[in-house]
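Note that numbering that gives the first Met the number 0 has the sequence shown beginning at 0, numbered continuously upward.
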Amino acid sequence: MARALVVYESMFGNTEVIAEAIGQALAAEVVEVSDAPDVLPDDVGLLVVGAPTHVMGLSRPVTRRSAADQATEGLVSTGRGVREWLDTLAPLGHHVTAHAFDTRVGTGWPAGSAAKAIAKRLRSLHFTVPGRPVSFHVGGTPGPLLVGEPARAAAWARSVLAGNPA
Ligand SMILES: Cc1cc2nc3c(=O)[nH]c(=O)nc-3n(C[C@H](O)[C@H](O)[C@H](O)COP(=O)(O)O)c2cc1C
Numbered sequence: 000m001a002r003a004l005v006v007y008e009s010m011f012g013n014t015e016v017i018a019e020a021i022g023q024a025l026a027a028e029v030v031e032v033s034d035a036p037d038v039l040p041d042d043v044g045l046l047v048v049g050a051p052t053h054v055m056g057l058s059r060p061v062t063r064r065s066a067a068d069q070a071t072e073g074l075v076s077t078g079r080g081v082r083e084w085l086d087t088l089a090p091l092g093h094h095v096t097a098h099a100f101d102t103r104v105g106t107g108w109p110a111g112s113a114a115k116a117i118a119k120r121l122r123s124l125h126f127t128v129p130g131r132p133v134s135f136h137v138g139g140t141p142g143p144l145l146v147g148e149p150a151r152a153a154a155w156a157r158s159v160l161a162g163n164p165a
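Here it is in structure tokens:
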């Protein structure tokens, strides 16, 4: 049977918490992006990719350094980001449905989301992306997640499984 895989990038741990909530709801393997496969295994039928929004889109080395400067504890992602992973991901050899999510502050920043950039890249790699990119919110750059966001992520994942993501 096809399995689900969740791949995430996270500086301060907020996106990781959301990824774990989604992974639990999907009964999926959850991997940090540096450990993600460069060739998607044939038995993966559902891929969910998430990252923090940096400067209205996906992180770059310079924004990850900026995050490191603001961190009071160790970073979760210390290697590549989702941008670099999707740049190297081999073209698909089988049909895979994919969904994109991000975390972001929202207020105080211009509009823009990493999830939109992820969805666009997934489509160009020939993934089927039926849902809209979804954002989960933090109260500030290092977090924390707003109350209820992990539960909202789990509910969103269940709607993905049911075939009608919000
Ligand atoms: C360099 C940098 C740029 C950011 N740019 C944005 C932005 O454009 N919009 C936004 O809403 N949040 C922005 N943020 C806040 C991040 O989205 C927030 O740190 C992230 O959601 C936390 O998730 P994480 O703990 O998984 O890294 C930025 C944060 C950093 C460090």
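Beta carbons are placed, not taken as given, at the ideal position from N, Cα and C, and that holds for glycine. This one's a predicted model, so the numbers in the text were calculated from it and none came from an experiment.
**Q.** Candidates Gly138, Val61, Leu88, Ala67: closest to Gly107 by CA position
**A.** Nearest of Gly138, Val61, Leu88, Ala67 to Gly107, Cα basis: Gly138.
Q. What is the DSSP secondary structure of Thr127, reduced to helix, strand or coil?
A. In the three-state reduction of the DSSP assignment, Thr127 falls in the strand class, which pools E and B.
(Q) Rounding to the nearest angstrom, what Cα-Cα distance links Arg122 and Phe11 in this structure? (A) C-alpha separation (whole angstroms): 28 Å.
**Q.** With 16 other Cβ atoms within 10 Å as the buried cut-off, status of Thr102
**A.** That one is buried.
Q) Can we count Leu100 as close to ligand 1, meaning its CB is less than 7 Å from some heavy atom? A) One point to set straight first is that residue 100 is Phe, not Leu, in the sequence displayed. Result no, Cβ not under 7 Å from ligand 1.
Q | The beta strand (DSSP E) enclosing Arg103, as first and last residue numbers | A | Taken as a continuous stretch (DSSP letters only), the beta strand (DSSP E) holding Arg103 covers 96–103.
Q. In the structure shown, what three-state DSSP assignment does Pro40 receive?
A. Secondary structure of Pro40 (DSSP, three-state): coil.
Q.
Tell me the DSSP secondary structure of Pro149 in three-state form.
A. In this structure, Pro149 counts as helix in the three-state DSSP scheme.
Q | Any non-hydrogen atom of ligand 1 closer than 7 Å to Pro51 Cβ | A | Checking the Cβ of Pro51 against ligand 1 gives yes.
Q | DSSP bridge partner residues for Ser134 (one or two, in chain order) | A | Answer is Asp101.
Q: Answer yes or no: do Val95 and Gly22 have a C-beta to C-beta separation smaller than 8 Å?
A: No, the pair does not count as a contact, with Cβ atoms beyond the cut-off.
Q. Quick one, are the C-beta atoms of Lys115 and Pro132 less than 8 Å apart?
A. Contact: yes.
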